[in-house]
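Everything below concerns the one structure shown next.
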Amino acid sequence: MTALRTAPTIKIARRPSPPRFEIGDRVLLEPNGAEGLIVGVRYGAPAYDVRVNGTCLRNLPPERIRLAPEPVVGAPVVPLRRLAGDVAEFLF
């Protein structure tokens, strides 16, 4: 009787890739929650330069940075205009 040969099961452990940011992204710094702007990117071991209140913080790891939420913009305000008498009946 011959033994069946099977390939050994190898589980490849992948680390989740760090978040990628682009120059100009609004970000929040952890743990204090200060809001800043990405002004530089270092490649290799990813690191970012962030400007916060006029101060540039250099070589911050991506684990300390997260994207700031987009500002909530209300619906645009449309000014109402007075219409001539017979034009108003076309609207309703």
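The C-terminal position of the sequence shown is numbered 91 in numbering that gives the first Met the number 0, with every residue numbered one higher than the one before it. Here a beta-carbon is modelled for each residue, glycine too, at the ideal position from N, C-alpha and C. Quantities reported herein were computed from a predicted structural model and do not represent experimental measurements.
CA-to-CA distance, residue j to residue i, given in whole angstroms
| i | j | result |
| --- | --- | --- |
| G35 | G43 | 23 Å |
| V49 | E29 | 12 Å |
| R63 | I9 | 33 Å |
| F20 | V40 | 8 Å |
| P68 | I11 | 34 Å |
| I22 | G32 | 19 Å |
Reduced DSSP category for residue i - H, G, I as helix; E, B as strand; rest coil
| i | result |
| --- | --- |
| R63 | helix |
| N31 | coil |
| N58 | strand |
| G23 | coil |
| R50 | strand |
| G43 | coil |
8 Å contact criterion, which residue i and residue j should meet: CB distance rounded
| i | j | result |
| --- | --- | --- |
| V51 | I37 | With 8 Å as the limit, V51 and I37 do not qualify as a contact, their Cβ atoms being about 11 Å apart. |
| Y47 | P61 | 7 Å |
Opposing strand residues paired with residue i [DSSP bridges]
| i | result |
| --- | --- |
| I37 | V49 |
Buried versus exposed call for residue i [16 or more other C-beta atoms within 10 Å across all chains shown]
| i | result |
| --- | --- |
| L59 | buried |
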